[in-house]
Amino acid sequence: DLGPLRKLEGKSIVSVNDFDQDVVIELAKLAAILENYEITPYHLLDGKIVITAFFEASTRTRLSFESSTQRLAGRILSIPEGGVTGAKKGESLEDIGEMFNAYCDLVILRHTETDSIKRIQRNLRVPLINAGNGSGEHPTQALADWYALLKWNPALANGKLKSGRRLHIGILGTPGSMRAVKSFLFMTLLFQSKVRKVTVVSEMADPFGEDVIQALSDAHIDYDVTYDLQESLADLDVIYMNSIAFLGDSYKKLDSRFKLDNRSALKKDAVILHPLARLDELDTSLDDTSHNLYFSQAHGAVFVREALLISVMGRLDRLPEDIPTIN
């Protein structure tokens, strides 16, 4: 059912709040089709130009968006770092947004400043996808995260789970200053009927921030905070971790106590998600174990971003008629 995806046409995606559960599930279904069906010959984004404007360093996010666009026959205008733009000379994001209107059909923006999305949108009239704004959000990373989870456990997309099968999700880090962690938590709240509990493991007394506290208070989900990873590790079904937090203009690494390796007391069928790049918090000894969902997570990002680009740029009707369906 592509119906839920049609409402994305021409829409900017700047927050997980721009999705609902039905849209996430249908994007995941379309991504699964794109992952297993040779779509390149259909040139779904032919004639479309996408600007990838990355004012902050990126490997996976920028390249996966550019790969997605080119696989669909769209064209890329790439800004790999802000130093090559007029911003280095003091040009405002508002003016940059005005110029982008003449150059492209869609902008994908990453920036170190949390208010960058609001600023560029003041003059931008083409759709915008937020690829990470300071300590704000990273909504398409959350899509990749939940695409991996929905493939791992398809029952998450189909009705309600029995209470004994609902997930206990552990989040290592600080949602208030780790945008990928925050967006993962926000998307988890869209699936709260499938989640038994969320445990946040952090060394900070207040790991949330006002927006996360508000979202948690509005949701009907059990959550707690602990400083002791070992205390809850054996009960976690899903562990989400990240390595870097934003603190003003600087970065902070995840506390060294929060490290996983193949000796960690993980639940037998638990899985680990990590948006990468990793440091020493996620040991390579886990790479060849069944706990490793992070490589699938990274691989699937290309296809879920393809699904999003097709939807936002109004090209769902160009999908071939014989394309398979997933119920």
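The opening residue of the sequence shown carries number 6 in the working numbering; numbering runs sequentially from there.
In this text, a Cβ means the ideal position worked out from N, Cα and C, and glycines have one as well.
Quiz item: Any idea what DSSP makes of residue 228, helix, strand or coil?
Solution: strand
Exercise. Please check if any C-beta of chain C sits within less than 7 Å of the C-beta of residue 274.
Key: No chain C is present in this structure, which holds just one protein chain.
Quiz item: Taking Cβ to Cβ, would you say residue 74 is nearer than 7 Å to residue 67?
Solution: no
Quiz item: What is the rounded straight-line gap between the Cα of residue 42 and the Cα of residue 33?
Solution: 14 Å
Quiz item: Considering residue 213, what are the terminal residues of the alpha helix (DSSP H) in which it resides?
Solution: That residue, residue 213, is in no alpha helix (DSSP H); it is neither H nor E in DSSP.
Quiz item: Thinking C-alpha only, which one of 127, 196, 182, 133 is nearest residue 159?
Solution: 196
Practice problem: May I ask which residues mark the beginning and end of the alpha helix (DSSP H) holding residue 105? | Solution: 98 to 105
Self-check item: residue 172, enclosing beta strand (DSSP E) - first and last residue
Solution: 172 to 177
Exercise. Look at the alpha carbon of residue 125 and the alpha carbon of residue 35, and state the distance between them as a whole number of angstroms.
Key: 30 Å
Quiz item: Quick one: complete alpha helix (DSSP H) runs, 4+ long, within the region 31 to 86?
Solution: 65 to 76
Quiz item: Of all the options 150, 144, 198, which has the alpha carbon lying nearest to the alpha carbon of residue 304?
Solution: 150
Quiz item: In whole angstroms, what is the alpha-carbon distance linking residue 185 and residue 143?
Solution: 5 Å
Quiz item: Hey, out of 219, 65, 38, whose CA is closest to residue 156's CA?
Solution: 38
Self-check item: First and last residue of the uninterrupted beta strand (DSSP E) at residue 245
Solution: 243 to 246
Quiz item: Excluding sequence positions up to five away, which residues of its chain have a Cβ less than 8 Å from the Cβ of residue 64?
Solution: 282
Quiz item: Alpha carbon to alpha carbon, how far is residue 202 from residue 139?
Solution: 28 Å
Quiz prompt | Contact under 7 Å by Cβ, residue 206 with residue 177 | solution = yes
Quiz item: Cα separation between residue 209 and residue 277?
Solution: 22 Å
Self-check item: Alpha carbon of residue 188 to alpha carbon of residue 147, nearest angstrom
Solution: 6 Å
Practice problem: Determine the direct distance from the alpha carbon of residue 167 to that of residue 152, and round the result to whole angstroms. | Solution: 21 Å
Self-check item: Bounding residues of the beta strand (DSSP E) (the contiguous stretch that carries residue 114)
Solution: 111 to 116
Practice problem: Report the rounded CA-to-CA distance for residue 128 versus residue 239, giving the unit in angstroms. | Solution: 50 Å
Exercise. List the residues that DSSP assigns as beta-bridge partners of residue 134.
Key: 18, 113
Quiz prompt | Classification of residue 25 by the beta-carbon crowding that lies within 10 angstroms, buried from 16 upward | solution = exposed
Quiz prompt | Cα-Cα separation, residue 12 to residue 312 | solution = 13 Å
Quiz prompt | Top-ranked residue by Cα proximity to residue 236, from 262, 215, 284 | solution = 262
Quiz item: Under a Cβ-count criterion, where at least 16 other Cβ atoms within 10 Å of its own Cβ denotes burial, should residue 62 be classed as buried or exposed?
Solution: exposed
Exercise. Just grab the DSSP bridge partners of residue 128 for me.
Key: Note: residue 128 sits in no beta bridge, so no partner.
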